[in-house]
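Written out below as structure tokens is the structure these notes cover.
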Amino acid sequence: WIIVHYSPHRAFSRDVPYAVAYVELNTPKTIRMCGNIVNCKNEDIYAGMPVEVVFDDVTPDVTLPRWKPTK
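Structural data, given as structure tokens:
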């Protein structure tokens, strides 16, 4: 994972800092996805942290997968 401190585009400038992770799915383990970690302080993220997908309806036409820690 990484913490983004500088926005790649001004449209995202209000979101920094934010976490982006490379998530390995449970089934099959050969699939990995990149996405934001949400509902978690950046300093609480760690390698191997279990997460689950949540879907963010960004616009009426665009839905993005995000990842939140499992309890």
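First residue of the sequence shown? That's 23 in the numbering used here, and the numbers climb one at a time after it.
By construction, the Cβ of each residue, glycine as well, lies at the ideal position given by its N, Cα and C atoms.
For clarity, every value in this text was computed on a predicted model and none was experimentally measured.
Check, Outcome
"Give the DSSP bridge partners of Phe77, in chain order.", "Pro87"
"From the DSSP output, in three-state form, read off Ala69 for me.", "coil"
"Could you check whether Lys90 and Val80 sit closer than 7 Å to each other, using their CB atoms as the reference points?", "no"
"With respect to 6 Å, is the separation between the Cβ of Gly70 and the closest non-hydrogen atom of the ligand SAH below this value?", "The model depicted lacks the ligand SAH and carries no ligand whatsoever."
"According to DSSP, is Asn61 helix, strand or coil?", "coil"
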